[in-house]
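Q: Read left to right, the sequence shown gives residues 0 to 240 (numbering that gives the first Met the number 0).
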Amino acid sequence: MSKKVAVVEDEAELASLIEYNLNRGGFQTRIFTGADGTFRDLETFQPDLIVLDVMLPGQDGFELCRRIRQGGKLARTPVIFLTARSDEVDRVLGLEIGGDDYITKPFSPRELVARIKAHLRRSDTESEPRQTHLTMGPFRIDVAARRVFQSKTTPPATAPADVEIELTSTEFKLLEFFLNHPGRAWSREELLREVWGEQHFVTPRTVDVHIRRLREQIESKPDEPAFLVTVRGFGYRFEAQ
Ligand code: CA
Numbered sequence: 000m001s002k003k004v005a006v007v008e009d010e011a012e013l014a015s016l017i018e019y020n021l022n023r024g025g026f027q028t029r030i031f032t033g034a035d036g037t038f039r040d041l042e043t044f045q046p047d048l049i050v051l052d053v054m055l056p057g058q059d060g061f062e063l064c065r066r067i068r069q070g071g072k073l074a075r076t077p078v079i080f081l082t083a084r085s086d087e088v089d090r091v092l093g094l095e096i097g098g099d100d101y102i103t104k105p106f107s108p109r110e111l112v113a114r115i116k117a118h119l120r121r122s123d124t125e126s127e128p129r130q131t132h133l134t135m136g137p138f139r140i141d142v143a144a145r146r147v148f149q150s151k152t153t154p155p156a157t158a159p160a161d162v163e164i165e166l167t168s169t170e171f172k173l174l175e176f177f178l179n180h181p182g183r184a185w186s187r188e189e190l191l192r193e194v195w196g197e198q199h200f201v202t203p204r205t206v207d208v209h210i211r212r213l214r215e216q217i218e219s220k221p222d223e224p225a226f227l228v229t230v231r232g233f234g235y236r237f238e239a240q
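#1: What does Arg139 pair with, by DSSP beta-bridge criteria?
#2: Helix, strand or coil for Gly60 per DSSP?
#3: Based on the DSSP secondary-structure assignment, which residues constitute the bridge partners of Trp195?
#4: Which residue or residues does DSSP assign as beta-bridge partners of Arg120?
#5: Return the first residue and the last residue of the alpha helix (DSSP H) that Leu51 is part of.
#6: Does the beta carbon of Val53 fall short of 8 Å from some heavy atom of ligand 1?
#7: What separation, rounded to the nearest whole angstrom, lies between the Cα atoms of Asp59 and Gly33?
#8: Alpha helix (DSSP H) containing Ile255: first to last residue?
#9: Locate the beta strand (DSSP E) running through Arg29, then write down its first and last residues.
#10: So, at 7 Å on beta carbons, what are the nonlocal neighbours of Phe44 in its own chain, with the 5 sequence-adjacent residues on each side left out?
#11: Between which residues of its own chain and Gly232 is the CB-CB distance below 6 Å, once the five residues before and five after are set aside?
#12: Would you check whether ligand 1 has a heavy atom nearer than 8 Å to the C-beta of Asp35?
#13: Verify whether the separation of the beta carbon atoms of Lys72 and Arg121 is less than 9 Å.
#14: Determine the extent of the beta strand (DSSP E) in which Ser295 is found, giving its start and end residues.
#15: Pick helix, strand or coil for Leu213, following the three-state DSSP scheme.
#16: By the 10 Å Cβ neighbour count, where 16 or more other Cβ atoms means buried, how is Asp47 classified, buried or exposed?
#17: Could you name the residues of the same chain whose beta carbon sits closer than 7 Å to that of Ala14, not counting the 5 residues immediately before and after it, in chain order?
#18: Give me whichever residues DSSP pairs with Phe80 in a beta bridge.
#19: In the DSSP assignment, the alpha helix (DSSP H) including Glu170 goes from what residue to what residue?
#20: Where Pro128 and Ala144 are concerned, what is the direct C-alpha to C-alpha distance, given to the nearest angstrom?
#21: Given a threshold of 16 other Cβ atoms within 10 Å of its Cβ, counted over all protein chains shown, does Arg68 qualify as buried or as exposed?
#22: Can we say the segment 105-114 touches the segment 20-27, given the rule of at least three CB pairs closer than 8 Å?
#23: Looking at the strands, I want to know which residues DSSP matches up with Glu163.
#24: In whole angstroms, what separates the C-alpha of Leu119 from that of Thr37?
#25: From the DSSP output, read off the bridge partner residues of Arg236.
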């Protein structure tokens, strides 16, 4: 069955160019203008991936993505942003927004299609887990359900309890990789190859942004990480403790 891609873009000409190329690429494509009601329409459409423009007439793409990530049916759907300015990139991949990837305008439709395919291949591989549960230190992953729990003490409680960590698909894959390979230092390039796989478009900076996001979720002091430590001049290492 062909995969469903939602394109949220208010510029009609650009939207139909994207639609044409996605349809040719074998996707079932639907265009959304970003006007009020787009979020509800997206939930109804249930896309496998969302292409999201930043500049929209009503709420902007950032607002929409934040809402998508808040929970519900679309919370884990990959989001590729269309950005006009490179200074938006940090926000796109930032914890606050929760995008999975970005492509800067102007872009070639062929590149967009290639990226979409790479993301969807990833989610396909992810849906065939090799093991169903993984426990490492205070972390427990239910691979089949794609849920992560961390044992921690949250005041006012005095004893540690399992807390679910909400992660995007990329963060999940990154943490799963680290939990499977504790204690070893990984360079950014190795992480790109192991976690992002065939996507040639992401840069080492992408790794840093996702690491920062993961730290915000799992570290009690993200600036002094205890689990995801920096290996100076090289990359990162996961300490299971
Ligand atoms: Ca626009």
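Every residue, glycine too, gets a C-beta built ideally from N, C-alpha and C.
A: If we stick to the structure as given:
#1: According to DSSP, which records beta bridges pairwise, Arg139 is partnered with Thr134 and Phe148.
#2: In this structure, Gly60 counts as helix in the three-state DSSP scheme.
#3: DSSP output for Trp195 lists no bridge partner at all.
#4: Under DSSP, no beta-bridge partner is assigned to Arg120.
#5: No alpha helix (DSSP H) holds Leu51; the beta strand (DSSP E) holding it covers Leu48 to Asp52.
#6: Within the cutoff, so yes.
#7: Each residue's alpha carbon lies about 8 Å from the other.
#8: In the structure displayed, the chain extends from 0 to 240; residue 255 sits before or after that span and is not available.
#9: Unbroken beta strand (DSSP E) run through Arg29: Gln27 to Phe31.
#10: Within the same chain, Phe44 has close Cβ partners Lys3, Ala5 and Arg29.
#11: If we look at Gly232 and ignore the five residues flanking it on each side, it has no Cβ neighbours.
#12: Every heavy atom of ligand 1 is 8 Å or more from the Cβ of Asp35, so no.
#13: No. Outside cutoff.
#14: Since the first residue of the chain shown is 0 and the last is 240, residue 295 is not available in this structure.
#15: Three-state result, Leu213: helix.
#16: The residue in question, Asp47, is buried, as its Cβ has 16 or more Cβ neighbours within 10 Å.
#17: Excluding five sequence positions before and after Ala14, the CB atoms of its chain that fall closer than 7 Å to its own CB belong to Val6, Glu8 and Ile30, given in chain order.
#18: Note: Phe80 sits in a beta bridge opposite Leu51 and Tyr101.
#19: Residues Ser168 to Asn179.
#20: Note that Pro128 scores a pLDDT of 49, beneath 50, so its modelled location is shaky and nothing firm can be said.
#21: Classification of Arg68: buried, given that the 10 Å Cβ count is 16 or more.
#22: At 8 Å Cβ cutoff, the stretches touch.
#23: Partner(s): Phe148.
#24: Each residue's alpha carbon lies about 22 Å from the other.
#25: In the DSSP assignment, Arg236 forms a beta bridge with Ala184 and Val228.
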